[in-house]
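Residue numbers (full-length UniProt numbering): 1 to 631. Here the structure comes first, spelled out in structure tokens, and everything after it is commentary.
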Amino acid sequence: MTTWTMKSKLKDIYRHPVGHDIIAKILLQVGRSPKWLTNPVVGNLSLQSIQTLTRGKLNQAFFQKVLNLLNGEQAIPRKDDGSMLPAWWKEAVFYQIYPRSFQDSNGDGIGDLPGIIDRLDYLQELGITAVWLSPIYDSPNDDMGYDIRNYQKIMAEFGTMADFDRLRDGLHARGMKLIMDLVVNHTSDEHPWFQKALADPSGPFGQYYFLRPGQPDTPPNNWTSFFSGSAWRWFPEQQLWGLHLFSPKQMDLNWSYPPVRDAVCHMVNWWLDRGVDGFRLDVINYIAKNPGLPAGDPLIGQLMGFTGVEEYFYGRHLHEYLRELQERSFTPHHAFSVGETPGIGMQMSKLLTGDYRHELDMVFDFDVLETPGHVRWDDYRYDLNYLRDYLADYQDHYGSHYWQALFIENHDNPRMISKANPDPQYRIAIAKLLAVIELTLRGTPFIFQGQELGRVNAQFHNIRDFQDVESINKYHELLAAGQTEQAALAVLLAGSRDHARTPMPWDTTPHGGFTTGTPWLAGDDDYRQYNAYSEMANPRSVWSTYRHLIKLRQANPVLVYGATDTVDRRRNAWSYIRRDDDHQPIQVLINLSARQKRMTIPAGGSLLYRNYPAHDGRFKAYEARVYRLPE
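In structure tokens form, the structure reads like this:
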């Protein structure tokens, strides 16, 4: 067993899964390639030497936090041996539904379960084989359902348990799987568990949460919330502090207390017994807070934007808790699991998802969503060359024991087309290019609602247009820091989650056919041109592209299980070949820029798809083509 110390060298630390991902993230942010470590001078630097070279700016406390993370993980990911286990979820094409914004059936302006049921044929025609539902549980809706009040009750705005049963049956009758959002890092402060904890902090439910005595002006530690401010909320009646990494109404569960794990497993089994096929586990890597809740390092907090994150993003008991959940719930039901794991890189994700590890099946790695050096709130142009490099790195090095979740949008991020190039003349080409990438690489595609229509960011005009608690908190935080209203609004327009949550446009009727009432969140007038009805009728539309590529993927196993060989990674170019021993190879060629580009057309290849109606030797702006190669 290796013990890491200040004498440990960078080249050795980089071979450790946690060390690899930490160093890789740092190099990414400063614009350096990992090849930099092959320089003997750099690779042989010890942590002690680095502390000296930085003249103490990286102090002993900082390095101790890093060493704690390194010494807390002794496992090494298994190397690729060529074996691969088939699974339905590897072959699936998932579609994420944000219920509040998908389809309203009763005119109250809020999407609901009957509305989803009415659109199941739409999903089937698109080619979707699995649906992921964002939270539908009973909730006071402080964070749009991610603050759960009752795990075994449906939110009244969305319908009833009978509606859920009809939805489940409708999906299964069409050959589609159903996974739900599992939010078990925290509950609503209105959950009975938390109410009982407040009523009797020394009783059995008092340990369900992190409740700490103290003084009203002195939180137990310096951790900060992802939704602004301290991660601690003061309860004056009880003279207690309560931990909340997110909204003050989202109280963190104490997974180190066995009854919490018992209750979670019982609830998960209840849903699996009801016919759910699996779960997406919300911020699941945050469940294992390190014992004692140590204070966060201020420098790490400055670098990451949130203080204390190193004490819970990869806690020392994380593997233990995930294996227990797998053993008690997922394995007996043959259920699927995909974890949302912020901050987790490639090597650490292998330890969470290896088919020999029995923890999770896949994870979402969010590094793909922002160009290095930027955060979601920055107004900048996303570099598609980075998307290529990130995905190609996974395709080259992830190996056969691990499986990648392929996604470019979700309910927590702005629309990718707007980030890559907001010029309207490129909207359709970029939308189709992104579809080609997501549906021809190895991994499981997750399509977010509206992505198949080429949706872009909304045109919000003032703070009253927003509904997202994170955005509203961010706005007031910026004002308090001295920003003007105009400057604060510009930040929200760049990064608000509400961009992804505007109502789904179905047709050209008012509000795009989403509702006959007033929608809970205003959308844009572009639904008159970009809507599901119009897209489905147009064989050259973005929707038709997704449908065609999904069919292509389903008809060609090489696009699911085949290896990915990169053949061109020049600036603004990407070409790769999917191949295996049993099928004809398929080659993908992509121009990642708004300028025309020459690319080598494969000799003897037959064209399977292109995102322009005509083609020649030069690739047009954001052009993508797919060819079948001769054997």
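Ideal placement from N, C-alpha and C gives every residue a C-beta, glycine not left out.
Query, Result
"Grouping DSSP H, G and I as helix and E and B as strand, with all else coil, what is G187?", "Reading off the sequence, residue 187 comes out as Thr, not Gly. Three-state DSSP puts T187 in a strand."
"Write down every uninterrupted run of the alpha helix (DSSP H) in the region 453-485 whose length is 4 residues or greater and which is fully enclosed by it, in chain order.", "469-480"
"Apart from the five residues just before and just after P216, which ones in its own chain have a Cβ nearer than 6 Å to its Cβ?", "W234"
"Specify whether the region 530-544 and the region 138-156 touch according to this definition: at least 3 beta carbon pairs, one from each stretch, less than 8 Å apart.", "no"
"Quick one: is I13 buried, meaning 16 or more other Cβ sit within 10 Å of its Cβ, or exposed?", "buried"
"Mind checking whether the beta-carbon of E190 lies closer than 7 Å to any heavy atom of the ligand COA?", "Looking for the ligand COA in the displayed structure turns up nothing, as the structure carries no ligands at all."
"With 16 as the cutoff for other CB atoms within 10 Å, does G505 come out buried or exposed?", "Looking at the sequence shown, residue 505 is not Gly but Pro. By the 10 Å Cβ count, P505 comes out buried."
"Check each candidate in E470, R571, N457 and S544 and name the one with the smallest Cα separation from D525.", "N457"
"State the Cα-Cα distance for the pair R274 and D169, rounded to the nearest angstrom.", "11 Å"
"Is the distance from the Cβ of S134 to the Cβ of Y95 below 8 Å?", "no"
"State whether the region 473-485 contacts the region 378-395, with contact taken as three or more CB pairs (one from each stretch) at a distance under 8 Å.", "no"
"So who's on the other strand from I154, going by DSSP bridges?", "Y137"
"Ends of the alpha helix (DSSP H) at K11?", "L10 to I13"
"Would you mind stating whether C265 and L325 have Cβ atoms separated by less than 8 Å?", "yes"
"When you compare only the Cα positions, how much space is there between F194 and L253?", "9 Å"
"Could you check where the alpha helix (DSSP H) with P259 kicks off and where it finishes?", "P258 to D273"
"For W132, write down the residues that DSSP places opposite it in a beta bridge.", "Q96 and I179"
"Identify every run of the alpha helix (DSSP H) within the region 368-422, keeping only runs that are complete inside it and at least 4 residues long; order them along the chain.", "384-397 and 416-420"
"Select from P248, L552, L240 and Q239 the residue whose C-alpha is nearest the C-alpha of S230.", "P248"
"Compute the distance between the beta-carbons of R497 and D361, then report whether it is under 8 Å.", "no"
"Short of 7 Å in beta carbon distance, which residues of its chain neighbour F336, apart from the five on each side in sequence? Order them along the chain.", "W89, I179, D277, G278 and D361"
"What residue range does the beta strand (DSSP E) around R570 cover?", "That residue, R570, is in no beta strand (DSSP E); it is neither H nor E in DSSP."
"Figure out for me which residue from Q302, P414, Q449 and G354 has the closest Cα to the Cα of Q404.", "G354"
"Whose C-alpha, out of G443, D378, V491 and D282, is nearest the C-alpha of N410?", "D282"
"Buried or exposed, going by whether 16 or more other CB atoms sit within 10 Å of the CB of L126?", "buried"
"Under three-state DSSP, which class holds N285?", "helix"
"Based on the DSSP secondary-structure assignment, which residues constitute the bridge partners of I447?", "Y95"
"Does DSSP put A435 in a helix, a strand or coil?", "helix"
"Give me the Cα-Cα distance between F158 and G111, rounded to the nearest whole angstrom.", "7 Å"
"Can you say whether A555 is buried or exposed, counting buried as having 16 or more other CB atoms within 10 angstroms of its CB?", "exposed"
"Within a Cβ cutoff of 8 Å, which residues of the same chain sit near D367, ignoring the five residues on either side of it in sequence?", "K25, L28, G345 and Y390"
"Out of A594, P445, Y576 and L352, state which residue places its alpha-carbon closest to the alpha-carbon of V626.", "Y576"
"Are the Cβ atoms of I430 and Y622 separated by less than 8 Å?", "yes"
"Are L67 and T5 close, meaning C-beta to C-beta below 8 Å?", "yes"
"Quick one: what's F366 bridged to in DSSP?", "Answer is none; F366 lacks a bridge partner."
"Out of H548, N462 and R442, which one is the CA nearest neighbour of V558?", "R442"
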